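Report on the following structure.
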Amino acid sequence: MNVINEAGILAISTRMHRLSEQLRKDGALIYKAFGINFELKWFPVIYTIYQKELASVVEIANEIGYTHPSTITLLKELEKQELIAWKKDKQDERKRLFILTSKGEELIEKMKPVWELMSQILGEISDNQNNLLAALNEAEEKITNQSFYQRALQLKNSK
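Pasting the structure below:
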């Protein structure tokens, strides 16, 4: 047992970050083992476009919970890789709608079996006495209703 683990709930952010980093590192190795050249940071954006087929910057940012600028940075990287392209919205000329290119669709087809494998393994990892995914959903919902910061201010002001 190390100091961070002994810190309990106080170190939850550190421990979640540690777990996230381990999953990201292993995820990258899994893609590489399957001969897929793919950066994990692209996943939320390309997966959203794949699911929606056509999506604006705002829609993508909202779906993945990233800021507008962060989303645009990832979109530019995916464009540079020629995995996505955009076209103007017929209703609003200023709005760009992103779609997968044929290269992007080919990549998705290569990744689907890997996603199935990853889902199976992650399901096994998270299927504990206290289901990790269910707990994350509950915690995120609570934070959506009232942030950690808002809760801290409320407690501070009530004393």
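FYI, UniProt numbering numbers position 156 of the sequence shown as 156, with every residue one higher than the one before it. Glycine residues also receive a C-beta, built at the ideal position from the N, C-alpha and C atoms. Computed from a prediction, not measured in an experiment: that's the story for all the values here.
Excluding five sequence positions before and after leucine 78, the CB atoms of its chain that fall closer than 7 Å to its own CB belong to Trp42, Val45, Ile46, Ile84, given in chain order.
Under the criterion of beta carbons closer than 8 Å, threonine 71 and alanine 61 qualify as touching, at roughly 4 Å. DSSP, reduced to helix, strand and coil, places leucine 83 outside both helices and strands of the structure shown, so it counts as coil. Taken through DSSP and simplified to helix, strand or coil, leucine 54 comes out as coil. Taken atom to atom, the span from the alpha-carbon of isoleucine 143 to that of lysine 159 is near 22 Å. Counting only the Cα atoms, glycine 123 lies some 21 Å from lysine 110.
Valine 114 places its beta carbon 7 Å or farther from that of phenylalanine 38.
Here isoleucine 36 is exposed: its Cβ has fewer than 16 other Cβ atoms, across all protein chains shown, within 10 Å.
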